[in-house]
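For reference, the structure is listed below as structure tokens.
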Amino acid sequence: MPDELAVSLLLALPLAGFVVTALVGRRMTARPWAVAVPLVVVTWLDALIVIARALGGAYGEEGLTFALWRWIPAGALQIDVNLVVDQLTAVLLFVVTTVGMLVHVYSIGYMAHDPGRWRFFAYLNLFMFSMLLLVLAGNFALLFAGWELVGLSSYLLIGFWYRRRSAALAAKKAFIVNRVGDVGFALGIFAIWTTVGTLDIGPAVDGIADKAASGELAPWMVTGIALLVFAGAVGKSAQFPLHVWLPDAMEGPTPVSALIHAATMVNAGVYLVARTNSLFAAAPDAMLVVASIGIFTAILAASIALTQTDIKRVLAYSTLSQLGYMFAALGVGAWVAAVFHLLAQGFTKGLLFLGSGSVIHAVEDEQDMRRMGGLARKIPITYATMLIGALAMAGIPPLVPFFSKDEILGEAFKNGFVVVWAIGLLVAGMTAFYMFRLIGLTFWGPSRVDPAVESNVHESPRSMTVPLVLLAAGTVVIGVLVGIPPESGLIARWLDPVFEAAIALGPHTESAYRLFGIDGVLVLASVGIASFGLVAAWRLFGVELLPLGLRHAPDPASVDAVVRRSALSRFLYRASLNKWWFDDINDLLFVRIGGHVARGAKGFDERVVDGVVNGLGRLTVGAGDRLRVIQTGRVQNYALGIAIGLIAMVGGYILIVGR
0 MPDELAVSLL
10 LALPLAGFVV
20 TALVGRRMTA
30 RPWAVAVPLV
40 VVTWLDALIV
50 IARALGGAYG
60 EEGLTFALWR
70 WIPAGALQID
80 VNLVVDQLTA
90 VLLFVVTTVG
100 MLVHVYSIGY
110 MAHDPGRWRF
120 FAYLNLFMFS
130 MLLLVLAGNF
140 ALLFAGWELV
150 GLSSYLLIGF
160 WYRRRSAALA
170 AKKAFIVNRV
180 GDVGFALGIF
190 AIWTTVGTLD
200 IGPAVDGIAD
210 KAASGELAPW
220 MVTGIALLVF
230 AGAVGKSAQF
240 PLHVWLPDAM
250 EGPTPVSALI
260 HAATMVNAGV
270 YLVARTNSLF
280 AAAPDAMLVV
290 ASIGIFTAIL
300 AASIALTQTD
310 IKRVLAYSTL
320 SQLGYMFAAL
330 GVGAWVAAVF
340 HLLAQGFTKG
350 LLFLGSGSVI
360 HAVEDEQDMR
370 RMGGLARKIP
380 ITYATMLIGA
390 LAMAGIPPLV
400 PFFSKDEILG
410 EAFKNGFVVV
420 WAIGLLVAGM
430 TAFYMFRLIG
440 LTFWGPSRVD
450 PAVESNVHES
460 PRSMTVPLVL
470 LAAGTVVIGV
480 LVGIPPESGL
490 IARWLDPVFE
500 AAIALGPHTE
510 SAYRLFGIDG
520 VLVLASVGIA
530 SFGLVAAWRL
540 FGVELLPLGL
550 RHAPDPASVD
560 AVVRRSALSR
570 FLYRASLNKW
580 WFDDINDLLF
590 VRIGGHVARG
600 AKGFDERVVD
610 GVVNGLGRLT
620 VGAGDRLRVI
630 QTGRVQNYAL
640 GIAIGLIAMV
650 GGYILIVGR
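For the sequence shown, numbering that gives the first Met the number 0 begins at 0 and goes up steadily by one.
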């Protein structure tokens, strides 16, 4: 198969699945997924071929680039539908198509009884097409088209149960908040065009970097362009202060949560910054902003996840925190580690979200972990796979997030970002704690399930458990396969050519630290604090591990004692439980105060602006009504008027000259 055809099919297949399912899916009452799911499976197989060739060197270090057709021919602005596949694209393709395919298969069982499931599978295919277009785009205009289509698709999926008010509001919230970041991204694209005269991603960012290096472009201009591009990433990847939409997106079906939070939409911002690495490397101040926002989001979201009781919201805030890790990595120049963490989180978060869906399915749509407990024996496959995911999130070796997280922390420390390293280390301990709090409340201890439901608790069907097992297997083996040794494994060899220019501009302090054997110390510190968080969660929320002889009953009084220990601990608990009141602050600023200002502006517009315009109109009409009485239609009257006018003009002239 020609390479261009194989790449083009990555877009054509899911688009065809969307069109066919949208048109005839309603009539496919028994199997509305019969077109959508097989086409996504074929897309995944096709992607594996493309990935193998890209990572095997068939496309060279520059990658495969080709144009399908001329899209916008407008004078100097000539934009093609051009696609690019290089090593970075290949890694994203693997995550998007693999997790996306497993989500499609999982949805067969999860949505089996939903009457609108044909719409669901159509939307899933549209989402896949949109995300693949974003990843494969070779210019900013095409990337922005995919960017906005991803936003539209997520709106449709989050609000899938649109009759539920909370789902409709969550979809609108996600759409509106993302538009804030997208305005910045659009302005950044305009600035790129006016600066270098091209929107092709590679030439554009390299051109800006070259102009910055030669002094032709002022540093503040490069920083401004980079921050405008980063604004789009902040919205799509839900970084502070645009993070508020992501937890509410849990109102969509659980497969949507997995697709949005694990492999696709939220990773788009990380991909955008990684793809434009030369631009950010030429703007150190922008890199510092990226690192600062990333690490602040990481600890903010982790602090909120500590107290949430909705199983999906805990995972949502965990996603926010890990995305913050990725942006912190990009900001400190750990480019490869950031993309490696994206790969790791794609599989781990996909596993955990789909696992939470299996739990919710088992307890008949209950999401409050306080009403679960004791499920380990009743849904053993779900428990075992989610336990693997929790250990991975905690950073326990040899699971894949261990390698990527410790590479991020190590690069931050060795490149001189000690504050980022320290906060990242603290977040690692918090992550281990809240993940095993989730495991403890859901699977350990006595059952708190509604007695009317408990007798019906059962393991999910194979269409749901097989994807869990496959994702768990990926979480176990991928890190060992591509992450060892950390600085020269397969992932580093694949991605180093993509980031070569950015790495050359970055800090070079790590060799000095390596002389003192600091790598081993950093790993021990990371594993140690993760283990501390794990043990703390075990002590508070209980565990029963029969093979090891460990038994410990959860004691709610212990948790209350920790919370009530001091005024500060009580305040921090309330702040975490209420998500640091960000939703309330936004409601106050933008809904109440903003609405009041808008109503005042509307009154000013109606009374003053419209009043002046309408007054001029009424004056004109009134003057016309009074003047039209002289329009008699008699020629002699008009001649008399002309004569009187001439006499007046001549008389006036004589008076003026006579003076």
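All C-beta atoms in this analysis are idealised placements derived from N, C-alpha and C, irrespective of residue type, glycine included.
Secondary structure of residue i, DSSP reduced to three states
i: residue 76; result: strand
i: residue 84; result: strand
i: residue 402; result: helix
i: residue 136; result: strand
i: residue 71; result: strand
i: residue 449; result: coil
i: residue 591; result: helix
i: residue 630; result: coil
i: residue 236; result: coil
i: residue 162; result: coil
i: residue 660; result: No statement about residue 660 is possible, as the shown extent of the chain runs from 0 to 658 and does not include it.
i: residue 54; result: helix
i: residue 60; result: coil
i: residue 106; result: helix
i: residue 394; result: coil
Residue(s) in a DSSP beta bridge with residue i
i: residue 624; result: Its beta-bridge partners do not exist; DSSP assigns none.
i: residue 66; result: 81
i: residue 367; result: 309
i: residue 113; result: Paired residue(s): none; residue 113 is not in a bridge.
i: residue 199; result: 138
Presumed contact (8 angstroms Cβ cut-off) between residue i and residue j, rounded CB distance
i: residue 500; j: residue 208; result: 7 angstroms
i: residue 494; j: residue 357; result: That pair is no contact at about 33 angstroms.
i: residue 402; j: residue 339; result: 7 angstroms
i: residue 166; j: residue 251; result: 7 angstroms
i: residue 366; j: residue 438; result: Their Cβ separation, rounded to whole angstroms, is 16 angstroms, which puts residue 366 and residue 438 out of contact at 8 angstroms.
i: residue 432; j: residue 375; result: Contact flag wrong, Cβ pair sits at about 19 angstroms.
i: residue 5; j: residue 49; result: 5 angstroms
i: residue 318; j: residue 245; result: 7 angstroms
i: residue 423; j: residue 294; result: 6 angstroms
i: residue 568; j: residue 303; result: That belief does not hold up - the Cβ atoms of residue 568 and residue 303 are roughly 16 angstroms apart, past 8 angstroms.
i: residue 228; j: residue 278; result: 7 angstroms
i: residue 221; j: residue 281; result: 5 angstroms
i: residue 199; j: residue 138; result: 5 angstroms
i: residue 190; j: residue 224; result: 5 angstroms
i: residue 155; j: residue 142; result: Incorrect: roughly 21 angstroms between the Cβ atoms, too far for contact.
i: residue 521; j: residue 409; result: 5 angstroms
i: residue 478; j: residue 343; result: 7 angstroms
Between the CA atoms of residue j and residue i - distance to the nearest angstrom
i: residue 536; j: residue 371; result: 17 angstroms
i: residue 240; j: residue 284; result: 19 angstroms
i: residue 645; j: residue 611; result: 36 angstroms
i: residue 163; j: residue 38; result: 31 angstroms
i: residue 355; j: residue 458; result: 12 angstroms
i: residue 647; j: residue 608; result: 40 angstroms
i: residue 226; j: residue 187; result: 8 angstroms
i: residue 545; j: residue 368; result: For residue 545, the pLDDT reaches just 41, beneath the cut-off of 50, and the residue's location in the model is therefore unreliable, leaving the point undetermined.
i: residue 385; j: residue 351; result: 6 angstroms
i: residue 55; j: residue 26; result: 44 angstroms
i: residue 65; j: residue 435; result: 48 angstroms
i: residue 238; j: residue 349; result: 20 angstroms
i: residue 502; j: residue 89; result: 20 angstroms
i: residue 182; j: residue 174; result: 12 angstroms
i: residue 206; j: residue 195; result: 6 angstroms
i: residue 588; j: residue 363; result: 38 angstroms
i: residue 53; j: residue 83; result: 11 angstroms
i: residue 640; j: residue 634; result: 10 angstroms
i: residue 9; j: residue 595; result: 49 angstroms
i: residue 417; j: residue 329; result: 15 angstroms
i: residue 530; j: residue 30; result: 46 angstroms
i: residue 12; j: residue 97; result: 15 angstroms
i: residue 70; j: residue 140; result: 10 angstroms
i: residue 636; j: residue 643; result: 11 angstroms
i: residue 528; j: residue 427; result: 7 angstroms
i: residue 444; j: residue 464; result: 23 angstroms
i: residue 243; j: residue 581; result: 7 angstroms
i: residue 62; j: residue 85; result: 4 angstroms
For the pair the segment 142-162 and the segment 256-276, tell me if three or more CB-CB distances fall below 8 angstroms. Cβ pair count under 8 angstroms is three or more, so yes.
Sufficient close CB pairs (3 or more, under 8 angstroms) joining the segment 269-278 to the segment 395-412: No: the two stretches stay apart, fewer than three of their Cβ pairs being nearer than 8 angstroms.
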